[in-house]
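In this note's numbering, the protein residues as written are 21 to 534. The beta carbon of each residue, even a glycine, is placed where N, CA and C say it ideally should be.
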């Protein structure tokens, strides 16, 4: 197949059986076919006779460790690209605006590491609540499994931050340097003032957006208002400045330079997604039965009369692909289901007065003419586990008591004898008010008859305050029938009976006489 001059080279699909057979039979091909084979990006087998090889060895070795070929994507609009706008913009706006939203006098989302508090909207989580983080990660994992089994890699194509940020960088590139062909010509040109200005403006926009990204990310931990003020007045902490610059550089490199390399080589999702796919998973696919045989033609004649399929071999699906693959070669792990090729192909089909859907969201069963199954054992399994975990998570979170009580018993002396003959045990109560408002609390004890406090039984805690309360409990020795009692300390809010916490400890006394 002849290559188009403005089409970026793509690495051959090494898992394609057809290409494997072509490589196996290359020794039987004449010299001209070897040249054509090499020009299409395939390496010449090492046992090929030397007289048939016209290039030097370095070019063959180079293909084994091929460097990245820059992908020049063509701008395209369509139905699915509008959907990507509706999914991408809320993500961007939410990321950049949420740190500026205040709730109850604090930043709505703030991960306060020095204070060990994690404020998420109206909830505050403490290190003791890390179990919720574990639950959240497991729910997210099963949600990803469920969505992937059902709809394929829609997360990658529509809401993945790498995809969204890369789309912003590609938009800036197209705005400054022009469309696909203009960008290719610009890169081939020698350096000039005009070229330098365009590159400076483009990279300036990239760095500016990267800086906003890094600043916002650190603002979730530092406090975005404090961070901006400290940067303006040059009083920012060195650690905060380092992390802002680090995430600025990371965003600039990942979205501006690496782009599809992150998806192809760094993201593990592309590698294990195949384990979740089945014949009824929604994928972006080319209908080979309808499209083959490919060939250029003018609008008007019936393709069947020309012995051709609906594919006019325009390479538009390749030119719009952000990972540089040819979807007509079949399902490939590089495909992120962004549907750019669908919109591009539908536009061509419309111009040719053909039916849309030559490239479409479909399933392997549907392509083979089989009936598609919506409910499958794997999908039902993932959905059931996800539902149970979500119900348990929300139930535990809704019934979570924002109050914690820890009792630390004095281990230096098991008990003390007071002047009036009472048996005294000393404790330290650690009370943590995890709610968003201050409360007055009462302290009580259960589990031993005649126990009395020798210290205060009421305390006041502000929102998020931790208070250590030294506490003494005395009991008349006549009431003690054994040396060790299991007791319970209880702390409850005066204005909210449901806001209470209980912690167990022990009361130790002398050996009873009788």
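Residue of the options minimising C-alpha distance to residue i
i           : options               : result
residue 396 : 300, 356 and 352      : 300
residue 116 : 149, 100, 235 and 139 : 235
residue 445 : 503, 413 and 398      : 503
residue 427 : 508, 356 and 439      : 508
residue 522 : 233, 338 and 421      : 421
residue 185 : 113, 407, 317 and 353 : 113
residue 369 : 222, 336 and 465      : 336
residue 462 : 372, 223 and 510      : 510
residue 189 : 201, 529, 158 and 224 : 224
residue 466 : 104, 527 and 451      : 527
residue 168 : 108, 402 and 418      : 402
residue 512 : 94, 108 and 425       : 425
residue 498 : 485, 484, 530 and 487 : 530
residue 314 : 302, 500 and 348      : 348
residue 410 : 138, 110, 107 and 158 : 158
residue 105 : 94, 355, 183 and 154  : 183
residue 195 : 94, 429, 232 and 125  : 94
residue 480 : 229, 265, 374 and 459 : 459
residue 131 : 145, 125, 405 and 269 : 145
residue 290 : 469, 111, 357 and 415 : 357
residue 342 : 278, 394, 383 and 414 : 278
residue 228 : 271, 201 and 250      : 271
residue 219 : 415, 345 and 192      : 192
residue 323 : 305, 372 and 303      : 372
First and last residue of the uninterrupted beta strand (DSSP E) at residue i
i           : result
residue 380 : 379 to 382
residue 219 : No beta strand (DSSP E) holds residue 219; the alpha helix (DSSP H) holding it covers 213 to 242.
residue 450 : 443 to 453
residue 424 : 423 to 429
residue 481 : 478 to 481
residue 117 : Note, residue 117: premise wrong, no beta strand (DSSP E); alpha helix (DSSP H) at 99 to 117.
residue 531 : Where residue 531 is concerned, there is no enclosing beta strand (DSSP E), given that its DSSP letter is neither H nor E.
residue 330 : Looking at the DSSP string, residue 330 is not in any beta strand (DSSP E), and its letter there is neither H nor E.
residue 460 : 459 to 466
Buried versus exposed, by CB contacts within 10 Å (16 or more), residue i
i           : result
residue 217 : exposed
residue 506 : exposed
residue 120 : exposed
residue 161 : exposed
residue 340 : buried
residue 92  : buried
residue 127 : buried
residue 141 : exposed
residue 280 : buried
residue 203 : buried
residue 532 : exposed
residue 474 : exposed
residue 252 : exposed
residue 226 : buried
residue 37  : In this predicted model, residue 37 has a pLDDT of only 41, less than 50, meaning its place in the structure is not dependable; the value taken from the coordinates is given anyway. Exposed, because fewer than 16 other Cβ atoms sit within 10 Å of the Cβ of residue 37.
residue 292 : exposed
residue 275 : buried
residue 89  : exposed
residue 388 : exposed
residue 197 : buried
residue 524 : exposed
residue 478 : exposed
residue 366 : buried
residue 244 : buried
Residue i: first and last residue of the uninterrupted alpha helix (DSSP H) it sits in
i           : result
residue 392 : Neither: residue 392 is in no alpha helix (DSSP H) and is coded neither H nor E.
residue 402 : 397 to 418
residue 160 : 150 to 171
residue 182 : 181 to 197
residue 202 : 200 to 208
residue 339 : 336 to 339
residue 376 : Careful: residue 376 lies outside any alpha helix (DSSP H) and carries neither H nor E.
residue 538 : The question about residue 538 has no answer here: the residues shown for the chain are numbered 21 through 534.
Where in the stretch 487 to 527 do unbroken runs of the beta strand (DSSP E), each at least 3 residues long, occur, reported from the N-terminal end onward? 504 to 513
Enumerate, from N- to C-terminal direction, the unbroken alpha helix (DSSP H) stretches of 4 or more residues contained entirely within the stretch 267 to 324. 289 to 292 and 308 to 311
Should the stretch 305 to 315 be called in touch with the stretch 329 to 343, which here means at least 3 C-beta pairs below 8 Å? yes
Within 8 Å, do at least three Cβ pairs link the stretch 361 to 373 to the stretch 90 to 109? yes
Taking one C-beta from the stretch 501 to 521 and one from the stretch 449 to 467 each time, how about it: are there three or more such pairs within less than 8 Å? yes
Counting Cβ pairs, one atom from each stretch, are 3 or more of them under 8 Å apart for the stretch 166 to 179 and the stretch 284 to 297? yes
Determine, using beta-carbon pairs with one atom in the stretch 178 to 192 and one in the stretch 481 to 495, whether at least three such pairs fall under 8 Å. no
State whether the stretch 239 to 247 contacts the stretch 203 to 213, with contact taken as three or more CB pairs (one from each stretch) at a distance under 8 Å. no
Below 8 Å, can you find three or more Cβ-Cβ pairs linking the stretch 378 to 395 to the stretch 278 to 293? no
Is the stretch 314 to 323 in contact with the stretch 247 to 263, if contact means three or more CB pairs nearer than 8 Å? no
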